[in-house]
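Just below is one structure, and these are the notes that go with it.
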Amino acid sequence: MLILNAKVGDHNLGREAPSSPFLFAHSDHTFLHHLPWVAEMGDNQRQVFDVSMAIPSHNVSECVDDDGRLKRTGTICTASAHIITAVIGSGVLSLAWAIAQLGWIAGPAVMLLFSFVTYYTSSLLTDCYRTGDPVSGKRNYTYTDAVRSILGGYKVKACGLIQYLNLFGISIGYTIAASISMMAIKRSNCFHESGGKNPCHMSSNPYMIMFGVSEILLSQIPDFDQIWWLSIVAAVMSFTYSGIGLGLGIAKVAATGTFKGSLTGISIGTVTQAQKIWRSLQAIGDIAFAYSFSVILIEIQDTVKSPPEEAKTMKKATKLSIAVTTAFYMLCGSMGYASFGDFAPGNLLTGFGFFNPFWLLDIANAAIIIHLVGAYQVFCQPIFAFIEKWATQRWPESYFITKEFKIPVPGYRHPYKLNMFRLVWRTGFVMLTTVISMLLPFFNDVVGILGALGFWPLTVYFPVEMYIQQKKISKWSSRWICLKMLSMACLMISIVAGAGSIVGVILDLKVYKPFKTTY
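Heads up, the sequence shown is in this note's numbering, so the first residue is 21 and it goes up one at a time.
Structural data, given as structure tokens:
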């Protein structure tokens, strides 16, 4: 048991360190600043904060870093693995559809453009891990900490709002994606049992409800995002279904002996001129979503050891992971488009639904479901923690919000701590995301909106603004102008991509009847 002896001003506090609900899923050490009673101290108080641990004095520098935390052990390899795990997710399944809208020239070109922009802005962001000096400056432990430390003011609230909206949207997207995979398994088995005679139409609603019920149960587990094996499972599942999709695409091209598709993408006639334009814009949003990892870059950097300075290690890790991811994306997207041409499906694996070996597709879709069940919790935990912390501070005397009931769990040493507010709030949140998913079950459109919403502010705007402030780049200098032009160009891309996805939702709603339409 770790006892923290806190010396604040002239007062000494001896407290047991509680487990924090705010740790990032990939982190592998306990962070002092996440303790609520430490986080609420002022900067002056924190400077005289003293931690006493049972560590021999001559070994202190070998056991802890300059901020008093346990020595970080991350390397280029571990940081790259974390980034690849975070990036390669369900977004990869929509890339074949995205390339089909743009064609063999524009599709790969847009993908390369996003990879370059993401790498460049991520490199800027790595320089913002420490405020001031890149070697000894104050560490920023999260993306929001960096914005607060370097920019401050209303931009902190704007950043938080965008982050939470993005996480809320991702939870909706994951619910839709999981239901699609459940339906694909059911439809595949139904089709083969009937020998292809039954079209196997079904509603996605029961599957979304099943996913929602499982998430309600899992959301009651405190600190679910700290389960250490979660990232490993997510990584294995991601590569399983992405690899199967890639393999089936290659096999289909080899079987037919032809590469389908055209230089300009889906042909007019298959879709109207207006649909072609809106779909192309939506495809840009889908590709942007596939590269959205900047929001967790600082957290990953906080696991990296020094020396060498963390920014240098992280830049190498970012370059390696984006190169691997882009190559993988190119293969998955290109082989999917080559297999299906203009009719590339929104979710690559559903396009293979009636092909043998159907058991392999069942494995791939099961891998997606397993991945999304855990990923949903990891992405929702920050929202849960934020609201619960706010409620506790707002109504500290409330029995409903603060009281925990200890319930014995057979076969488990520690009792389960049931909190009524957590039960009601988290259940309500999952129910809300499930209902919205049932009303708007359009995977590509939702992914496009999420990509557009998160790409410019989180991947470009804040990193650029923080870098300008951190490096004290003078206004109207050539570098300042170039960075601002990059930011404005990416803003325009986000706006048109978002517009394309919103129009896609509106067009889909014209033929979709909520709770009635079957697929």
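Even for Gly, the Cβ is constructed at its ideal location relative to N, Cα and C.
From which residue to which residue does the alpha helix (DSSP H) around residue i run?
i              : result
asparagine 439 : First-last for asparagine 439: 436–439, but that is the beta strand (DSSP E), not the alpha helix (DSSP H).
isoleucine 104 : 96–107
histidine 391  : 378–414
glutamate 330  : 330–360
tyrosine 139   : 115–146
histidine 212  : 174–213
asparagine 160 : Segment: none, asparagine 160 is in no alpha helix (DSSP H) and carries neither H nor E.
leucine 460    : Careful: leucine 460 lies outside any alpha helix (DSSP H) and carries neither H nor E.
valine 84      : Element bounds for valine 84: n/a, residue is neither H nor E.
serine 234     : 225–239
isoleucine 316 : Per DSSP, isoleucine 316 belongs to no alpha helix (DSSP H) and is neither H nor E.
valine 484     : 482–490
leucine 9      : It is not possible to answer for residue 9, since the shown part of the chain is limited to 21 through 539.
Determine the extent of the beta strand (DSSP E) in which residue i is found, giving its start and end residues.
i              : result
isoleucine 427 : 424–427
Looking at the structure shown, is residue i part of a helix, part of a strand, or coil, going by DSSP?
i              : result
threonine 151  : strand
leucine 283    : coil
isoleucine 288 : strand
leucine 43     : Its pLDDT being 36, under 50, leucine 43 is placed unreliably by the model, and the measurement read from it follows with that caveat. Three-state result, leucine 43: coil.
leucine 90     : strand
lysine 325     : coil
isoleucine 526 : helix
methionine 222 : coil
serine 497     : coil
threonine 454  : helix
serine 418     : coil
tryptophan 549 : The chain is shown only over 21 to 539; residue 549 falls outside these bounds and no answer can be derived.
tyrosine 261   : helix
tryptophan 476 : helix
tyrosine 532   : coil
isoleucine 278 : Looking at the sequence provided, one finds threonine at residue 278 rather than isoleucine. Three-state result, threonine 278: coil.
lysine 504     : helix
leucine 171    : coil
alanine 255    : helix
alanine 364    : coil
glycine 431    : coil
serine 72      : For serine 72, the pLDDT reaches just 43, beneath the cut-off of 50, and the residue's location in the model is therefore unreliable, although a value from the coordinates is still provided. Correct three-state label for serine 72: coil.
Quick one: using the 10 Å Cβ neighbour count with 16 as the cut-off for buried, is residue i buried or exposed?
i                 : result
methionine 202    : buried
isoleucine 469    : buried
proline 483       : buried
leucine 369       : buried
valine 429        : exposed
methionine 508    : exposed
serine 224        : buried
phenylalanine 134 : buried
methionine 21     : Any reading at methionine 21 must be qualified, since the residue scores a pLDDT of 37, below 50, and its modelled position is unreliable; no value is offered.
proline 365       : buried
histidine 391     : buried
glycine 172       : exposed
phenylalanine 404 : buried
tryptophan 293    : Per the sequence presented here, residue 293 reads as glutamine, with tryptophan not at that position. Its Cβ having fewer than 16 others within 10 Å, glutamine 293 is exposed.
methionine 512    : exposed
glycine 277       : exposed
On the premise that residue j lies in contact with residue i, defined as a C-beta separation below 8 Å, what is that separation, rounded to the nearest angstrom?
i                 : j              : result
isoleucine 103    : serine 341     : 4 Å
leucine 187       : proline 402    : 6 Å
glycine 15        : valine 450     : Only positions 21 to 539 of the chain appear in this structure, which leaves residue 15 out of reach.
serine 99         : alanine 337    : Checking the displayed sequence, the identity of residue 99 turns out to be alanine instead of serine. The Cβ separation is near 4 Å, so the contact holds.
phenylalanine 344 : methionine 334 : Reading the sequence as shown, one finds valine at residue 344 and not phenylalanine. The pair is not a contact, with the Cβ atoms about 16 Å apart (cut-off 8 Å).
serine 312        : threonine 479  : 7 Å
isoleucine 200    : alanine 384    : Going by Cβ atoms, the distance from isoleucine 200 to alanine 384 rounds to 12 Å, so no, they are not a contact pair.
isoleucine 170    : threonine 151  : 6 Å
methionine 228    : threonine 454  : 6 Å
Any beta carbon of chain C sitting closer than 8 Å to that of residue i?
i             : result
threonine 479 : Structure shown: chain C not included; a single protein chain is present.
Determine contact between the segment 453–462 and the segment 168–179, defined as no fewer than three beta-carbon pairs at a distance below 8 Å.
Contact fails: fewer than three Cβ-Cβ distances are below 8 Å.
Cβ contact (3+ pairs, closer than 8 Å) linking the segment 261–269 and the segment 351–363
Judged by Cβ distances under 8 Å, the segment 261–269 makes contact with the segment 351–363, as three or more pairs qualify.
How do the segment 129–142 and the segment 376–383 stand: do at least 3 beta-carbon pairs fall below 8 Å, yes or no?
Fewer than three Cβ pairs drawn from the segment 129–142 and the segment 376–383 lie within less than 8 Å of each other, which leaves the two stretches out of contact.
Given 8 Å as the limit, is there contact between the segment 286–305 and the segment 517–524, that is, 3 or more CB pairs closer than that?
The segment 286–305 is in contact with the segment 517–524.
Touching or not, the segment 273–286 and the segment 402–415, by the rule of three or more beta carbon pairs under 8 Å?
Output reads no: the segment 402–415 does not touch the segment 273–286.
Between the segment 303–315 and the segment 470–480, are three or more C-beta pairs nearer than 8 Å?
Result yes; three or more Cβ-Cβ pairs closer than 8 Å.
Evaluate contact between the segment 314–321 and the segment 160–174, counting only Cβ atoms and requiring at least three cross-stretch pairs below 8 Å.
Output reads yes: the segment 160–174 touches the segment 314–321.
Under 8 Å: do the segment 432–446 and the segment 410–424 share three or more Cβ pairs, one atom per stretch?
Because the criterion of three Cβ pairs below 8 Å is met, the segment 432–446 and the segment 410–424 touch.
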